[in-house]
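In the working numbering, the protein residues as written are 84 to 320. Yeah, the Cβ is synthetic: ideal placement off N, Cα and C, and Gly gets one too. Reviewing the structure listed below.
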Amino acid sequence: MSPDTEPVLEVEDLHKHFGGLKALDGISFCIAPGEILGLAGPNGSGKTTCINAITGVFGLDSGAIRFAGKTINRLPTYRRVRLGINRSFQVPSPFLGLSVMENVTVASVYGGNKKRDPDHILEITGLAQIKDRLAGSLNSSQQKLLDLARALATDPRLLLVDEIGAGLNPNELARMTDQLRALAAQGIALLVVEHLMDFLDRVTDRIVVMDAGKELFSGQLYEAAEDPRVVEAFLGG
Ligand SMILES: Nc1ncnc2c1ncn2[C@@H]1O[C@H](COP(=O)(O)OP(=O)(O)OP(=O)(O)O)[C@@H](O)[C@H]1O
Ligand SMILES: [Mg+2]
């Protein structure tokens, strides 16, 4: 992040527990416009919970989430979407009985009908050829693309993608890399949650590694790979 760029997202000291489990235990980070931050960490370390907290799926125990300088902790999800935050899901769940185009159109309405042309979104996500297919007939890679398209239909300034690379073949991964970098080049801030280190390396500008709801490491991925705390978290020592 260049020092003169204000972050579009700042999360500070987030805490969230589920029963006795601390899913988020003091995590903080920020993302600038056009920046791609990777979020890595072992299974159950709190990555998806971060996305859920930022998008308002549930409230926090404590901590602050600021978007474009405004504290958004208490806003419902749809208000956050209309401010310019959206996400894709670890397990996409489109409206299976609607077509690809209809799914994107519904998302666009949910986002407040911003001026994103659904045809253009289907074009850039590579779904234009199959826009009349029912979402329920798509394979898992196509459903991931549709999930991305639905998020883009709300014209986000902050896009949070949850394991969007998982299950994609090498060609699809290369295309997804280009797509995410192109979105950042337009000024969208991205949080990329991922286990695939090669993909993270190609896509992100820097990464945060989480473990048990805390930050374990923040910096460049090649440095993370040499950090003994990160190695221990992934390999159990
Ligand atoms: N809604 C919930 N209710 C209860 N426990 C939850 C809930 N959401 C997450 N958890 C728990 O919080 C912890 C963090 O979960 P989270 O899904 O954020 O992990 P993750 O880092 O995304 O893992 P993965 O890499 O496997 O997707 C886990 O122990 C999980 O079981
Ligand atoms: Mg997850």
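Sequence-distant residues of the same chain with beta carbon closer than 7 Å to residue i, five excluded per side
i, result
"Arg165", "Gly194 and Gly195"
"Leu256", "Gly248 and Phe282"
"Gln173", "Thr131, Asp245 and Glu246"
"Ala232", "Val187, Ile204, Leu205, Thr208 and Leu210"
Neighbourhood of residue i by C-beta distance below 8 Å, restricted to the same chain and skipping five residues each side
i, result
"Phe141", "Lys99 and Asn135"
"Ser301", "Phe112, Arg289, Ile290, Val291 and Val292"
"Lys271", "Strictly speaking, residue 271 in this sequence is Ile, with Lys absent from that position. So the list reads Pro116, Gly117, Pro239, Arg240, Leu241 and Leu242, once near-sequence residues are dropped."
"Arg285", "Thr260"
"Ser151", "At residue 151 the sequence reads Ala, which differs from the Ser that was named. Within the same chain, Ala151 has close Cβ partners Val91, Leu166, Gly167 and Arg240."
Inter-residue Cα distance where the pair is residue i and residue j
i, j, result
"Leu228", "Val91", "25 Å"
"Arg312", "Val276", "19 Å"
"Ala268", "Gly102", "41 Å"
"Leu97", "Gly250", "30 Å"
"Ile137", "Leu104", "19 Å"
"Ala147", "Leu273", "19 Å"
"Glu323", "Ile207", "Past the edges of the chain, shown from 84 to 320, lies residue 323, and the structure says nothing about it."
"Val252", "Leu158", "Strictly speaking, residue 252 in this sequence is Asn, with Val absent from that position. When rounded, the distance between both Cα atoms is 37 Å."
"Thr88", "Lys153", "16 Å"
"Met321", "Leu279", "Absent from the structure is residue 321, since the part of the chain shown begins at 84 and ends at 320."
In DSSP terms, what residue i is bridged to
i, result
"Arg170", "Leu243"
"Gly302", "Ile290"
"Asp108", "His98"
"Ser182", "Leu217"
Q) How do the stretch 204-224 and the stretch 150-165 stand: do at least 3 beta-carbon pairs fall below 8 Å, yes or no? A) No: the two stretches stay apart, fewer than three of their Cβ pairs being nearer than 8 Å.
Segments assigned beta strand (DSSP E), at least 3 residues, entirely inside the stretch 117-143:
Complete beta strand (DSSP E) runs here, min 3: 119-123.
- Item | Sequence ranges, beta strand (DSSP E) only - wholly within the stretch 254-293, length at least 3 | Complete beta strand (DSSP E) runs here, min 3: 272-276.
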